[in-house]
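Taking my numbering, the leading residue of the sequence shown gets 216, the next gets one more, and so forth. Ideal Cβ placement from N, Cα and C applies to all residues, glycine included. Worksheet: the structure to be examined is printed underneath.
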Amino acid sequence: QGSRMPAAVALESAGFNLARALGPAAGGFVVAWFGPGTNFLVNAASFMATIVVLYRWRRSRKTSDLPGERLMSATRTGLRYASHAPELRAVLVRTVAFMVCASALWALMPVVARDRGLPSSGYGVLLGSLGLGAVLGAGILPQLRDRVSADKRVGGASVVFGLATLGLGFFSSLPLLCLAMGAAGVAWMVVTSGLNVMVQSCVAIWVKARALATYLLVFQGTLAVGSLLWGLVAARTSLEPTLAAAAVGLVLGVVATWRWRLERTERIDVRPVALLPEPHIEHAPDPLEGPVLVTAEYIVDPQQAGDFVLAMRRLGRLRRRDGAMRWGLFRDPARPGRYLETFVLESWAEHLRQVDRATLADRAIDERARSFLQDVDEPRVTHLVAARAPDDLGPVTSGV
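Below is the structure:
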């Protein structure tokens, strides 16, 4: 399934862009011959095919003894994952850098068509050129993936899109504008399809839907904000300098975000693996009971304390990414070499989920931390659940 995902995403993106190009022309034909009411009726009927497919789809479900995640808790977990997963964060940063300037082409293309004196059919030709370019881009994507790294693909396509944006601002003839839009379509497909695949490739299966939702929020949100921004700039200046500024911004965005590398997203192994020990407790707490404090005791060589702390910081990032609300590492001043790792989770069920959330890519980080242990192979782990008052008003805590 993983090997088919790039082709599937490219096919979906090509279909979307082609439909966006041909849809207005088809809609205009229906309106001209049958009226606007028929146009809306045909559009509504077209959704029946989608409804039938969804109704007949039998998605395999993973059974679990744990209660379902609550909406707000699941949302916080997804955002926490995004903030502590460097691969996903790199994709989101590169998405913002591209979309904030690429939005200028989409926002100002109708204005360019009007200023060039193009009729509605001419604007349709521009959209069609962009859609056909996207289809062409989908065709060359497999060869690009085999020969060019992810960073060079996204960076190069961003520069091409910038040149196309520049051409949109300064070309006046329809053939040249169509050529620029065709190049923009190819570049758009390479960037957006690539980023979409990377999001799904660099995250664990349990959080994939939330990662995609975060990506779409960033993608569409930046497109909307960027369109508003460039529209305001064009209203205060003119089309040519606005599109030129957007083109320069696309190139500068590649340079400014180059350190957020995308290559690792295509090599990371996100298959699940158990790194935390399964808690074996005679009287297990209720799944919704919490918060839960987990501690792990490490006895290490004091001479290696610096390297150990650095290794544990990387491990702490994984703990927070997979559900921990807080994480800390404490040393025992009375016993050099003794360290206590602590992390807090929202509930017992959340901790049980955390046990299953690690991936094979995390194993090296976990093994590096454990390699400092003396005399034992595993840290000594304890699980503590917040004590509650008899009236069940909440966890017993004290403050100053």
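Report the partner residues of ILE483 according to the DSSP bridge assignment.
-> In the DSSP output, where bridge partners are listed per residue, ILE483 has none listed.
When VAL374, MET413, VAL414, ARG578 are compared against ALA398, the one with the closest alpha-carbon = Of the candidates VAL374, MET413, VAL414, ARG578, the one whose C-alpha sits nearest the C-alpha of ALA398 is VAL374.
What are the uninterrupted segments assigned as alpha helix (DSSP H) that are 4 or more residues long and contained completely in the region 318-376, given in chain order?
-> The region 318-376 contains these whole alpha helix (DSSP H) runs: 335-362.
Secondary structure, alpha helix (DSSP H): runs of 4+ residues fully inside the region 407-480 = Fully enclosed alpha helix (DSSP H) runs of 4 or longer: 423-451, 454-471.
Report the three-state DSSP secondary structure of LEU281 (helix, strand or coil).
-> LEU281: coil per DSSP, three-state reduction.
How would you write the range of the alpha helix (DSSP H) that PHE255 sits in, first residue to last?
-> Unbroken alpha helix (DSSP H) run through PHE255: 251-271.
When DSSP labels each residue in this structure, what does ILE580 get in the three-state scheme?
-> In this structure, ILE580 counts as helix in the three-state DSSP scheme.
How big is the Cα-Cα spacing for GLU561 and MET540?
-> Each residue's Cα considered, the two are about 7 Å apart.
Using the Cα positions of VAL327 and THR574, report the straight-line distance between them to the nearest angstrom.
-> About 49 Å.
With 16 other CB atoms within 10 Å as the buried threshold, where does LEU303 fall?
-> Around the beta carbon of LEU303, 16 or more other beta carbons sit within 10 angstroms, so the residue counts as buried.
Assign ARG550 to one of three DSSP states: helix, strand, or coil.
-> In the structure shown, ARG550 sits in coil (DSSP, three-state: anything other than H, G, I, E or B).
So, using beta-carbon positions, are ARG568 and ALA300 closer together than 8 Å?
-> No, the pair does not count as a contact, with Cβ atoms beyond the cut-off.
Shortest alpha-carbon distance to SER408 belongs to which of ARG476, VAL440, ALA349?
-> Of the listed residues, the one whose Cα sits closest to SER408 is ALA349.
Buried or exposed: which applies to GLY521, given that a residue is buried once 16 or more other Cβ atoms fall within 10 Å of its Cβ?
-> By the neighbour-count criterion, in which 16 or more other beta carbons inside 10 Å mark a residue as buried, GLY521 falls on the exposed side.
What number of angstroms, rounded off, separates the C-alpha of LEU503 from the C-alpha of TRP563?
-> Rounded to whole angstroms, LEU503 to TRP563 spans 6 Å at the Cα level.
Output yes or no for whether 8 Å exceeds the beta carbon distance between VAL570 and GLU512.
-> For VAL570 and GLU512, no; Cβs fall outside 8 Å.
Would SER336 be called buried (16 or more neighbouring beta carbons within 10 Å of its own) or exposed?
-> With a 10 Å radius around the Cβ and a threshold of 16 neighbouring Cβ atoms, SER336 comes out exposed.
Sub-8 Å separation of THR457 and VAL448 beta-carbons = Their beta carbons are under 8 Å apart, which means THR457 touches VAL448 by this criterion.
CA-to-CA distance, LEU544 to ASP592, given in whole angstroms | If I take the Cα positions, the gap works out to 19 Å.
If you follow the beta strand (DSSP E) that ALA297 is part of, which residue opens it and which one closes it?
-> ALA297 -> not in any beta strand (DSSP E); alpha helix (DSSP H) instead, spanning 286-299.
Go ahead and pull the three-state DSSP assignment for VAL193.
-> The structure shown has nothing for residue 193, since the chain only spans 216 to 615.
What span of residues does the beta strand (DSSP E) with ARG595 cover, start to end?
-> Following the DSSP letters along the chain, one finds ARG595 inside the beta strand (DSSP E) bounded by residues 595-600.
Distance between ALA322 and LEU588 (C-alpha atoms, nearest Å) | Those two C-alpha atoms are separated by around 58 Å.
Exposure of VAL257, with buried meaning 16 or more beta-carbon neighbours within 10 Å = Counting the other CB atoms within 10 Å of its CB gives VAL257 a total below 16, which places it among the exposed residues.
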